[in-house]
Structures are given as structure tokens and as C-alpha cells.
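According to this note's numbering, the sequence shown is numbered sequentially starting from 5.
The C-beta atom is built at its ideal place from N, Cα and C for all residues, glycine as well.
Bear in mind the structure is a predicted one, so any value in this text is a computation, not a measurement.
Right, one structure below, let's go through it.
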Amino acid sequence: MMDKFKRVMKLYDDMIRLPHKTEIARELRDEEDLFLLLLYSDMIGIPNPVFYYTLELYPYMIEKFHDWHLRMGMEHSPLDGIRCC
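Okay, structure coming up:
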């Protein structure tokens, strides 16, 4: 009985979340794009006052850089220091 109730609750929860999944995914992607723009802003000529602190994040974020610049409509990497294509 309890197992059946849990399945019904899971189904209900999935039905409620389904329309909002794409919105949530889009918002997360937009936030990540903004973060990457702020992270690499110093390399594209926008002053970044916290460049020293963001420098240590580069090795972790370089893997996502390729997807980011393709989403931004850039065919090749806009940065001279980062070759991903």
C-alpha cells in the first residue's frame, strides 16, 4: 500500500515538474553563460576586478568553454590563449 502511494506521489510530482523543466534548464544555462562571460571577461577586454581570484577556476571551466562559445554564436574560440577548436 505504501509503495503504491509513493509511486502515485512520484507520478504527481513528475506531472507538476514537467512543464517547468525546460525553463529551469534554460535559466541554469543562462546563469552558467553569464558566469563564463565574467570569468573570461579580462581576456576579451572587459576589466575584471577579481581576475586574480577567478584565475584558479580556469582549469575547471576550460572544458565548458567550447560549448559556451558555440552557444554564443562564435564558430571558433574568440580568445587567443584558449584553443579548443
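For residue j and residue i, believed in contact at Cβ under 8 Å, the rounded distance
i   : j   : result
D17 : W72 : That pair is no contact at about 32 Å.
Euclidean distance between Cα positions of residue i and residue j
i   : j   : result
T26 : M19 : 13 Å
S45 : R11 : 47 Å
P63 : F39 : 15 Å
P82 : E31 : 24 Å
H70 : P51 : 22 Å
M5  : K14 : 14 Å
L43 : F9  : 47 Å
K68 : R87 : 13 Å
Coil, strand or helix - residue i by DSSP
i   : result
S81 : coil
I66 : helix
R87 : coil
I50 : coil
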